[in-house]
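Numbering of the sequence shown is given in the working numbering, commencing with residue 2 and proceeding in unit increments. Written below as structure tokens is the structure these notes are about.
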Amino acid sequence: QLSGIGPAALLKGLGIPVVQANENVGANLQDHVGINYTFKGKLPTLNQILRPWWGKLLVGMQYILTRSGPLSLSMNHGGGFFRTDPAFLRPNMQLYFQAFSTLIPKNGERPILTPDPWPGFSIGLSNCRPSSRGEIMIRSRNPLDYPKIVANAYSTNADVDEMLAAVKFVRKIASMPAMAEIIAEEVLPGPSIRSDADMISDFRKRSGTVYHPVSTCRMGPDPSRSVVDPRLKVHGLEGLRVIDASIFPDNITGNTNAASVMTGWKGAELVLEDHT
Numbered sequence: 002q003l004s005g006i007g008p009a010a011l012l013k014g015l016g017i018p019v020v021q022a023n024e025n026v027g028a029n030l031q032d033h034v035g036i037n038y039t040f041k042g043k044l045p046t047l048n049q050i051l052r053p054w055w056g057k058l059l060v061g062m063q064y065i066l067t068r069s070g071p072l073s074l075s076m077n078h079g080g081g082f083f084r085t086d087p088a089f090l091r092p093n094m095q096l097y098f099q100a101f102s103t104l105i106p107k108n109g110e111r112p113i114l115t116p117d118p119w120p121g122f123s124i125g126l127s128n129c130r131p132s133s134r135g136e137i138m139i140r141s142r143n144p145l146d147y148p149k150i151v152a153n154a155y156s157t158n159a160d161v162d163e164m165l166a167a168v169k170f171v172r173k174i175a176s177m178p179a180m181a182e183i184i185a186e187e188v189l190p191g192p193s194i195r196s197d198a199d200m201i202s203d204f205r206k207r208s209g210t211v212y213h214p215v216s217t218c219r220m221g222p223d224p225s226r227s228v229v230d231p232r233l234k235v236h237g238l239e240g241l242r243v244i245d246a247s248i249f250p251d252n253i254t255g256n257t258n259a260a261s262v263m264t265g266w267k268g269a270e271l272v273l274e275d276h277t
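Given below as structure tokens:
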């Protein structure tokens, strides 16, 4: 957009000469949105070793010396995919399990670095194929100014309905005998959040990005609905490609890392094909 490629009205309003008008640049923003349900456990979790300074020192030394221990693990220690409706042909939700909790941060420290002073763990989830669409647009001609990002999460009834079904499923998991034996209480959102309206209000308020934004320069053959063609060339221009997750036509069911690496690899092959 700063280079003059994007919605014509936006560019003209900011005094940027229009090089190529395309209403899709910055539009069609999609992201996976997630939420955690946090529980106090009856058994020790990683909180007990990761909260005190001496525990951080111990696990740090363990990792340095043996490349093992809590610091050798992913932030998510388990997970999977599920369908909120048995009629769906593929999963529409991703599930995460974290053997720690971070609800009570210490002053001046990031919450994720200060596990709670009690044995806690979280069951989280995120949507895989949200139908909500947002946008990212520049605010000025200054490249250092933050852009305007409108996520528009839960702007469709379908997204609200599937997340409501998903958080109910998390509670169903927690109620199973194997889990109920080790759960002392649900801390967040807590037992007072029971009705559909309360659960919807809760996940609207607490949900956050899973950092999988895609599709703001989506790929497609039709310039009226996309930004780049199937060879990742920007429609209407020569010598310009976009090769990153923004070219995804739609988000994927899962983490975007591998798909982004594949996009970079394929994009490099396309460039080489055109210049060798």
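Beta carbons are placed, not taken as given, at the ideal position from N, Cα and C, and that holds for glycine.
Lys169 and Ser196 have their alpha carbons spaced roughly 10 angstroms apart.
Under the DSSP definition of a beta bridge, Thr210 partners with Val34. Beyond the five residues adjoining it in sequence on each side, Leu44 comes within less than 7 angstroms, by CB distance, of Pro120, Ile183 in the same chain, given in chain order.
Where Gln63 is concerned, the enclosing alpha helix (DSSP H) starts and stops at 54-67.
Glu136: member of the beta strand (DSSP E) spanning 136-138, first to last residue.
A residue is called buried when at least 16 other Cβ atoms come within 10 angstroms of its Cβ; Met164 meets this threshold and is buried. Where Ala175 is concerned, the enclosing alpha helix (DSSP H) starts and stops at 158-176. Assigned with DSSP and collapsed to three states, Phe98 falls in strand. Taking the C-beta atoms as reference points, Pro144 is found no nearer than 8 angstroms to Leu238. A residue is called buried when at least 16 other Cβ atoms come within 10 angstroms of its Cβ; Met177 does not meet this threshold and is exposed.
In this structure, Pro118 lies near Arg52, with their beta-carbon atoms less than 8 angstroms apart. Residue pairing by DSSP places Gly268 opposite no residue, since no beta bridge is assigned to it. Less than 8 angstroms divides the Cβ of Ser133 from the Cβ of Asn153. When secondary structure is reduced to three states using DSSP, Ser247 falls in the helix class. Here DSSP, grouped into helix, strand and coil, assigns Ser73 to helix. Ser127 is the residue among Ser127, Met76, Ala10 whose C-alpha sits nearest the C-alpha of Arg207. The beta-bridge partner set that DSSP reports for Ser127 consists of Gly35, Gln95. Nearest to Met220 by alpha-carbon distance, out of Pro250, Trp54, Phe204, Arg140, is Pro250.
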